[in-house]
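Quick mapping for you: the protein sequence lines, in order, are chains V and U. Numbering-wise (the numbering used here), the first sequence opens with residue 178 and increments by one. Numbering-wise (the numbering used here), the second sequence opens with residue 178 and increments by one.
Protein chains: 2
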Amino acid sequence: MKSELISNLSVDCVVFGYDIITKSLNVLLIKRYLESEDKKDVLVNDYVLTGYHVFEDETLDKAAERVLKELTGLNNLYKKQFKAFGDPDRLTNPKDLIWIESQKFNLRTITIAYYFLLKTEDVEVTDNVSKAKWFPVGDLPELGFDHKQIIKEAYEDLKIKCLAEPIIFELLPDKFTINEVQDAYQSILGIEIDNRNFRRKLINKKYIIPLDEKQVGVSKKPAQLYMFSKDVYDKIFQKNYLISI
Amino acid sequence: MKSELISNLSVDCVVFGYDIITKSLNVLLIKRYLESEDKKDVLVNDYVLTGYHVFEDETLDKAAERVLKELTGLNNLYKKQFKAFGDPDRLTNPKDLIWIESQKFNLRTITIAYYFLLKTEDVEVTDNVSKAKWFPVGDLPELGFDHKQIIKEAYEDLKIKCLAEPIIFELLPDKFTINEVQDAYQSILGIEIDNRNFRRKLINKKYIIPLDEKQVGVSKKPAQLYMFSKDVYDKIFQKNYLISI
DNA sequence: CCAAAAGTGTTTCTTATACACCCATGT
DNA sequence: ACATGGGTGTATAAGAAACACTTTTGG
């Protein structure tokens with residue numbers, strides 16, 4: 178039994194990759210390029226999110242995971258379905274129409290948008306068939322369809338979730354320093370944090386576990402390495418009902 | 178130009194209504210009833226959310242608003258699109274198959290789920306053609322499709338949002354007492370709150386405005402009435418970046 | 001010895017929490 | 001007069017915020 182694609186339903190994936198070196202939150206985008214038949218004009222030349230239509234016998238989550246796997250080769254990443262985008266005119270910019278015509282997509286396609294969290298370094302971007310490329314979330318190129326809006330809303334959601342859940346560690350290597358965590362928060366939230374207060378707060382968490390290891394190969398005082406224990410976190414986590422209005 | 182329905186795309190609305198008298202958060206559900214041809218057997222007898230397919234030229238938000246308007250006659254309510262449900266088997270319980278056969282729906286329908294907030298008393302439920310009825314969110318009847326799951330996730334989302342934004346006032350009348358707000362929080366979150374601390378906290382907010390009015394027609398000391406000013410709230414609101422992990 | 005980032009303590013202030021009785025009103 | 005829910009104050013604890021210098025290391 179061969180499975181068919183659902184012609185008007187897709188998933189789109191906002192792939193967030195944090196670059197611990199440049200301290201930059203990046204988005205993985207795919208080049209979209211089309212020339213006129215005589216090759217005299219460039220009709221489409223911009224970027225889009227990775228995404229694809231959903232199969233008839235596939236859950237939305239599986240579709241998103243499949244798309245991500247195809248692009249990055251990675252599994253089991255943190256993912257969140259954050260919004261459905263389905264405006265009738267979401268694909269109907271002139272440029273997008275040209276593109277869709279060349280691809281035989283349905284004009285009224287609803288897309289279920291996900292975001293994924295990973296480390297920029299975990300994706301091989303150099304020899305990539307899809308011409309995938311990282312862009313800082315604050316400095317995106319020209320984007321097709323409604324993907325600028327989708328990224329914006331993904332980022333908003335991510336920022337809120339960052340404050341409430343320890344998903345920052347999905348963006349960092351298994352072993353990290355306290356300052357690296359601080360840098361990640363600062364970069365993603367666009368804020369400054371006092372180092373002494375932040376250190377104290379983090380080190381006091383039972384699920385931030387100091388390792389018997391320090392940084393190596395740095396030309397300065399090597400920092401203490403820590404890991405995050407999801408097990409401990411889950412065990413001691415308790416919902417607080419603080420009403421912050 | 179006549180608009181067609183999209184056969185595999187629907188919106189479903191979790192209509193939350195707060196009953197200030199019984200202090201109960203309710204969900205508005207619609208009776209689903211089907212007899213066999215000889216009328217000897219009841220084939221389907223349960224409840225479902227209100228929802229309907231989306232028109233080709235309609236946004237998802239408009240579709241949800243249309244569905245809600247048809248059921249309740251109400252406009253401009255607080256609404257949130259909180260999740261898309263699209264499992265291949267989400268409509269394929271035996272009971273649901275019987276129902277869908279009788280309704281000619283598409284078996285692989287993706288639904289975009291919304292929730293709406295209002296006051297139970299604002300909906301006339303008595304002479305309703307859809308056989309709509311309120312049920313406490315904690316005491317739901319048997320539900321068709323995956324609607325139990327949809328309601329559960331809507332409620333989870335609502336609880337989180339309640340803590341971060343002043344949406345509680347969408348569930349309360351324009352003029353309310355402090356204790357009514359407290360009751361609403363307690364009922365929705367399932368917690369106990371200290372009355373003195375809660376009063377102080379709320380009364381100190383600039384956007385909780387005391388009126389020159391007290392309760393009337395109560396057989397006890399009439400309570401001071403307040404209103405919520407969204408304008409003031411929006412003006413003085415500032416994002417706090419407290420990392421609570 | 002120098003550059004660079006790591007690491008460290010104390011004080012103040014705000015906010016949450018815990019807790020029990022009197023008051024005003026309608027009947 | 002009484003029953004009912006409305007309304008009030010204080011003390012403690014916890015956590016957030018502000019703030020500047022010393023230490024350790026590799027080069």
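All C-beta atoms in this analysis are idealised placements derived from N, C-alpha and C, irrespective of residue type, glycine included. This one's a predicted model, so the numbers in the text were calculated from it and none came from an experiment.
Residue pairing by DSSP places F232/U opposite L182/U in a beta bridge. Note on geometry: alpha-carbon atoms of Y210/U and W276/U lie some 9 Å from one another.
Closest by C-alpha distance to L245/U, out of E278/U, N270/U, D299/U, is D299/U. Contact between the segment 365-379 of chain V and the segment 231-240 of chain V is absent, with fewer than three C-beta pairs closer than 8 Å. Residues of chain U whose Cβ lies closer than 7 Å to the Cβ of I368/V are, in chain order, Y418. Chain V places no beta carbon closer than 8 Å to that of A361/U, leaving this residue out of the contacts. Residue range 271-280 is occupied by the alpha helix (DSSP H) that includes D273/U.
In this structure, DSSP gives N374/U a helical state, which the three-state scheme calls helix. Within chain V, I422 have C-beta atoms less than 8 Å from the C-beta of P343/U, given in sequence order.
Residues of chain U with a Cβ closer than 8 Å to the Cβ of R285/V are, in chain order, I183, E233. Look at G228/U: its C-beta is not under 8 Å from any C-beta on chain V.
Taking the C-beta atoms as reference points, E233/V is found no nearer than 8 Å to I287/V. Shown here for L251/U: same chain residues with a beta carbon closer than 8 Å to its own, the five before and five after excluded, namely L245, L295, D299, V300 in chain order.
Contact check for Y255/U against I344/U passes: the beta carbons are separated by less than 8 Å. Taken in chain order, the members of the segment 323-340 of chain U whose beta-carbon sits within less than 7 Å of a beta-carbon on chain V are L340.
In the pairwise beta carbon analysis, the segment 207-227 of chain U is classified as not touching the segment 397-406 of chain V: fewer than three pairs are separated by under 8 Å. Secondary structure at E319/U: coil, using DSSP grouped into helix, strand and coil.
Distance between V192/U and H230/U, taken at the CA atoms: about 17 Å. One finds Q258 in chain U with Cβ atoms closer than 7 Å to the Cβ of K260/V, taken in chain order. The contact set of L348/U on chain V, defined by CB atoms closer than 8 Å, is empty, because the minimum CB distance reaches about 13 Å. DSSP places S201/V within a strand segment (E or B) once states are collapsed to three.
Straight through space, the alpha carbons of T249/V and F293/V are spaced by roughly 11 Å. The DSSP-derived three-state label of Q401/U is strand. For G263/V, the C-beta contacts it makes with chain U under 8 Å involve L186, V231, T236, L237, I289, in order along the chain. Assignment of D223/U by DSSP, reduced to helix, strand and coil, places it in the strand class. Counting C-beta atoms within 10 angstroms of its own C-beta, R373/V has fewer than 16 neighbours from the protein chains shown and is therefore classed as exposed. DSSP, read as helix, strand or coil, puts T288/V in strand. Annotation: Y362/U is outside any beta strand (DSSP E); the continuous alpha helix (DSSP H) that includes it extends over 355-366. Relative to F346/U, the option among I386/U, E333/U, K308/U whose CA is nearest is I386/U.
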